[in-house]
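Protein chains in written order, with our numbering: chain A, 687 to 1022; chain B, 861 to 1149.
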């Protein structure tokens, strides 16, 4: 009996497109530029297409916020090696700060969102500082606790409007500003992060995940680099939070809700960890799904968790890696 | 006097909550974020057995529900965790997802409000040094001490228990001596889940079975383990006394809302001063960067 094995070979067009020959014909150029352009243009024209279905236009914004959160989780987990179980904390801090700036201090929207983003990122980094000099599960533990605790503290002290939250935030000037602000920021961070992780700083940060002793031996402070990475991740999360509080014109305890923690994790796992693009694609799949399942209430979280566990156990590479492989390579059976 | 007595009781409660978590972490090296979910599940199963279907007698319901929870723990390891063993990120995410799925599934399935309660073993209360304590709390302290003692005996004078400790101390050497690493991990998850269930049966009669309690238990368990040093048993007991008394004091002089804040503050202070916990000497070098 002949034994067969599967062989993977790069497609011809990929080999040609990897060198200078990439500009030899339209086909090669399309091969390289097609998918990213499809994504970028698709996202940008989406609000215009969805004029037909006004309800779903709101979903685009939420989708992009989750994409930002997923990017921040993916960056922390797969490039720095810190598992953040509480993305909701970033969202909550950003949202509440933005509400404070806007409602209590009367800053206009275009000032309160950036200020809340920067201050929130500093605050989150400062609060997470104690667990950064350690390996292991401490970061996961502390991030798990913070959102739950923030809820308790706000309830107990009855600050920031207590359980009612802060109402009366200014909305963004008009609908299109609202859409394109978040879409452009998401695209900026997606491609920005992809470059960032290949810069010198990014390489050091990735070194921390793989071998922190080597980084330390090079005379670089591991804790400081981790703090920097957390700052970047918190920056994205806080922007999402600040934006969402202005979109709903309300900042309340539900900004610390579980959804903001679990959906980004699920998106990263199904999209493919460590690809950054996968995180965005994952949230573009999961968030509309969550809108469809809105009637199920908390049962949605059960569904996410089931998908999450299924993917992590049976298909841990995720959609993105799988699709990339099919795009770049073909498979055939050969005799051993 | 009241503070001392209730402090001791609270400390025993905390250490009961944490025992399963620290056992699983020290042996299987898996941070079991589904701990709180298993705790609530046991209470719910016991309630179902007694009230929903054939009304089982209380002791039988207890035994069955703890057995089911231990089985769930073993199955989680056998079918899910075994495939992602050693990948820390995946382990955390998977156990967290399982825990969330169970808790939110129960909430969706109708576990809300104050209708779900377990009866105390013996109703009534008595006075000790002028402080009235109900029998349930006394039973908790007594049974807690019995559990600690029997766990100590189990891990020091029993073949299986010794194998568990062997794996915890040096996995490779233990495997060379013919101890099956996966089997011990399954056993440890079963025992850990069973302990979570046991704690639930003991503690839930003090209040309602609510989903939020699941999160709270997980957080308290983790707080105790981090402060005592992850994976250290003596540390766990000492840490639960520290947090237990700190909580009773805050409850007395501030308000009940801050009980969880105390747990978190204790974690952060520990991480700042002595990151590997009070008794975490063995693993100190591994955990610090």
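For each residue, glycine too, the CB sits at the ideal point set by N, CA and C.
message = Within a Cβ cutoff of 8 Å, which residues of the same chain sit near residue 962 (chain A), ignoring the five residues on either side of it in sequence?
response = Position 276 of the first chain, counted from the first residue, corresponds to residue 962 (chain A). Same-chain partners within the cutoff: 757, 760, 761, 876, 879, 880 and 883.
ask   = Buried or exposed: where does residue 893 (chain B) fall if 16 or more other Cβ atoms within 10 Å of its Cβ makes it buried?
value = On the second chain, position 33 is the one that residue 893 (chain B) refers to. Residue 893 (chain B) should be labelled buried.
request  = Could you check if residue 951 (chain B) is buried or exposed, using at least 16 other CB atoms within 10 Å of its CB as the buried criterion?
outcome  = Here residue 951 (chain B) refers to the residue found at position 91 when the second chain is read from its first residue. It is buried - the Cβ of residue 951 (chain B) has at least 16 other Cβ atoms within 10 Å.
message = List, in chain order, every chain B residue whose beta-carbon is nearer than 8 Å to that of residue 1023 (chain A).
response = Because residue 1023 (chain A) is not part of the residues shown, which for chain A are 687 to 1022, the question remains open.
ask   = Taking Cβ positions only, does residue 776 (chain A) come closer than 7 Å to chain B?
value = Locating residue 776 (chain A) in the first chain gives position 90, where the first residue counts as 1. Chain B, which has no Cβ nearer than 7 Å to the Cβ of residue 776 (chain A), makes this no.
task = Determine the DSSP secondary structure at residue 689 (chain A), reduced to helix, strand or coil.
result = Mapped onto the first chain, residue 689 (chain A) falls at position 3. Coil.
request  = Report the three-state DSSP secondary structure of residue 991 (chain B) (helix, strand or coil).
outcome  = Here residue 991 (chain B) corresponds to residue number 131 of the second chain, with the count starting at 1. Looking at residue 991 (chain B) - three-state DSSP - the assignment turns out to be strand.
message = Check whether chain B comes within 7 Å of residue 831 (chain A), counting only Cβ atoms and requiring the distance to be less than that.
response = Stepping through the first chain from its first residue, residue 831 (chain A) is reached at position 145. Answer yes: the Cβ-Cβ gap between residue 831 (chain A) and chain B drops below 7 Å somewhere.
query = Should residue 756 (chain A) be flagged as near chain B, meaning a C-beta pair shorter than 7 Å?
reply = Mapped onto the first chain, residue 756 (chain A) falls at position 70. No, no contact with chain B.
message = For a test of the three-state rule: what should DSSP assign to residue 1015 (chain A), helix, strand or coil?
response = For the purposes of this step, residue 1015 (chain A) is taken as residue 329 along the first chain, with counting starting at 1. It is a strand residue.
task = Would you kindly report the start and end of the unbroken alpha helix (DSSP H) that includes residue 956 (chain A)?
result = Position 270 of the first chain, counted from the first residue, corresponds to residue 956 (chain A). Segment 945 to 957, the alpha helix (DSSP H) holding residue 956 (chain A).
message = Quick check on the burial criterion: 16 or more other C-beta atoms within 10 angstroms. Buried or exposed for residue 820 (chain A)?
response = As a first step, residue 820 (chain A) must be located in the first chain, where it is residue number 134. Looking at its Cβ environment, which holds 16 or more other Cβ atoms inside 10 Å, residue 820 (chain A) is buried.
key: Proximity test, residue 747 (chain A) beta-carbon vs the ligand FAD heavy atom, cut-off 6 Å   = Within the structure as shown, the ligand FAD is missing, as the structure has no ligands at all.
ask   = Do residue 929 (chain B) and residue 955 (chain B) have their CB atoms nearer than 7 Å?
value = Position 69 of the second chain, counting from 1, holds the residue named residue 929 (chain B). Position 95 of the second chain, counting from 1, holds the residue named residue 955 (chain B). Their beta carbons are not under 7 Å apart, which means residue 929 (chain B) does not touch residue 955 (chain B) by this criterion.
key: Separation of residue 937 (chain A) from residue 1123 (chain B), as counted between CA atoms   = Stepping through the second chain from its first residue, residue 1123 (chain B) is reached at position 263. Stepping through the first chain from its first residue, residue 937 (chain A) is reached at position 251. When rounded, the distance between both Cα atoms is 27 Å.
request  = Excluding the 5 residues preceding and the 5 following residue 815 (chain A) in the sequence, name in chain order all residues of the same chain whose CB lies nearer than 8 Å to its CB.
outcome  = Within the first chain, numbered from 1, the residue matching residue 815 (chain A) stands at position 129. The answer, listed in chain order, is 913.
query = Looking at the structure shown, is residue 764 (chain A) part of a helix, part of a strand, or coil, going by DSSP?
reply = Taking the first residue of the first chain as position 1, residue 764 (chain A) is located at position 78. When DSSP states are grouped into helix, strand and coil, residue 764 (chain A) belongs to the helix group.
Residue 831 (chain A), DSSP secondary structure in three states = Translated into the one-based positions of the first chain, residue 831 (chain A) becomes position 145. In this structure, residue 831 (chain A) counts as helix in the three-state DSSP scheme.
request  = Use the C-beta contact count for residue 1029 (chain B): other C-beta atoms within 10 angstroms, 16 or more gives buried, fewer gives exposed.
outcome  = Start at 1 with the first residue of the second chain, and residue 1029 (chain B) comes out as number 169. So residue 1029 (chain B) counts as exposed.
query = Using a C-beta to C-beta distance shorter than 7 Å, which residues of chain B count as neighbours of residue 811 (chain A)?
reply = Against the first chain, residue 811 (chain A) aligns to sequence position 125. Those within 7 Å of residue 811 (chain A) in chain B number zero; the least Cβ separation is about 14 Å.
query = By the criterion of Cβ-Cβ separation under 9 Å, what are the contact partners of residue 699 (chain A) in chain B?
reply = Translated into the one-based positions of the first chain, residue 699 (chain A) becomes position 13. Here the premise fails: no neighbours, minimum Cβ distance about 34 Å.
query = Under a three-way DSSP split, which group does residue 696 (chain A) fall into?
reply = Reading the first chain from its first residue, position 10 is the one you call residue 696 (chain A). Strand.
query = What's the C-alpha gap between residue 1052 (chain B) and residue 931 (chain A)?
reply = Taking the second chain and counting its residues from 1, one reaches residue 1052 (chain B) at position 192. Taking the first chain and counting its residues from 1, one reaches residue 931 (chain A) at position 245. If I take the Cα positions, the gap works out to 42 Å.
message = Quick check: what's the CA-CA separation for residue 992 (chain A) versus residue 727 (chain A)?
response = Walking along the first chain from the start, residue 992 (chain A) turns up at place 306. Walking along the first chain from the start, residue 727 (chain A) turns up at place 41. So the two alpha carbons sit approximately 32 Å from each other.
ask   = Looking at C-alpha atoms only, which residue of A:863, A:954 and A:859 is the closest neighbour of residue 746 (chain A)?
value = Within the first chain, numbered from 1, the residue matching residue 746 (chain A) stands at position 60. Considering only alpha carbons, the answer is A:863.
ask   = DSSP three-state call for residue 743 (chain A): helix, strand or coil?
value = The residue labelled residue 743 (chain A) in the question sits at position 57 within the first chain. Helix, per DSSP.
query = Mind checking residue 873 (chain B): buried by the 16 CB within 10 Å criterion, or exposed?
reply = By 1-based counting over the second chain, the position of residue 873 (chain B) is 13. When all chains shown are included, residue 873 (chain B) counts as buried.
Rounded straight-line distance, which links the Cα of residue 945 (chain B) to that of residue 1026 (chain B) = For the purposes of this step, residue 1026 (chain B) is taken as residue 166 along the second chain, with counting starting at 1. For the purposes of this step, residue 945 (chain B) is taken as residue 85 along the second chain, with counting starting at 1. Rounded to the nearest angstrom, the two C-alpha atoms are 18 Å apart.
query = Measuring CA to CA, which of B:1003, B:1035 and B:1065 is closest to residue 977 (chain B)?
reply = Position 117 of the second chain, counted from the start, is the residue given in the question as residue 977 (chain B). Ranking the options by Cα distance to residue 977 (chain B), first place goes to B:1065.
request  = Figure out for me which residue from B:1042, B:1130, B:1056 and B:934 has the closest Cα to the Cα of residue 1088 (chain B).
outcome  = As a working mapping, residue 1088 (chain B) is identified with position 228 in the second chain. Among B:1042, B:1130, B:1056 and B:934, the Cα nearest to that of residue 1088 (chain B) belongs to B:1130.
inquiry  = Please identify the residue among A:841, A:903, A:1012 and A:965 whose C-alpha is closest to the C-alpha of residue 699 (chain A).
reply    = Taking the first chain and counting its residues from 1, one reaches residue 699 (chain A) at position 13. Residue 699 (chain A) has its Cα closest to that of A:1012, out of A:841, A:903, A:1012 and A:965.
7 Å CB neighbourhood of residue 789 (chain A) in its chain, flanking five on each side removed = Counting from one through the first chain, the residue named residue 789 (chain A) turns up at place 103. So the qualifying residues of the chain are 852, 854 and 855.
inquiry  = Between which two residues does the alpha helix (DSSP H) holding residue 968 (chain A) run?
reply    = Numbered from its first residue, the first chain carries residue 968 (chain A) at position 282. 963 to 978 is the span of the alpha helix (DSSP H), which, as asked, contains residue 968 (chain A).
query = So what's residue 912 (chain A) in DSSP terms, helix, strand or just coil?
reply = In the first chain, residue 912 (chain A) corresponds to position 226, counting from 1. Reduced to three states, the DSSP call for residue 912 (chain A) is helix.
ask   = Leaving out the 5 sequence neighbours to the left and right, which residues in its chain are closer than 7 Å to residue 951 (chain A) when beta-carbon positions are compared?
value = Along the first chain, one-based indexing puts residue 951 (chain A) at 265. Result list for residue 951 (chain A): 759 and 994, in chain order.
ask   = So is residue 796 (chain A) buried or exposed if we call it buried at 16+ other beta carbons inside 10 Å?
value = Numbered from its first residue, the first chain carries residue 796 (chain A) at position 110. By the neighbour-count rule (16 or more Cβ atoms within 10 Å), residue 796 (chain A) is not buried but exposed.
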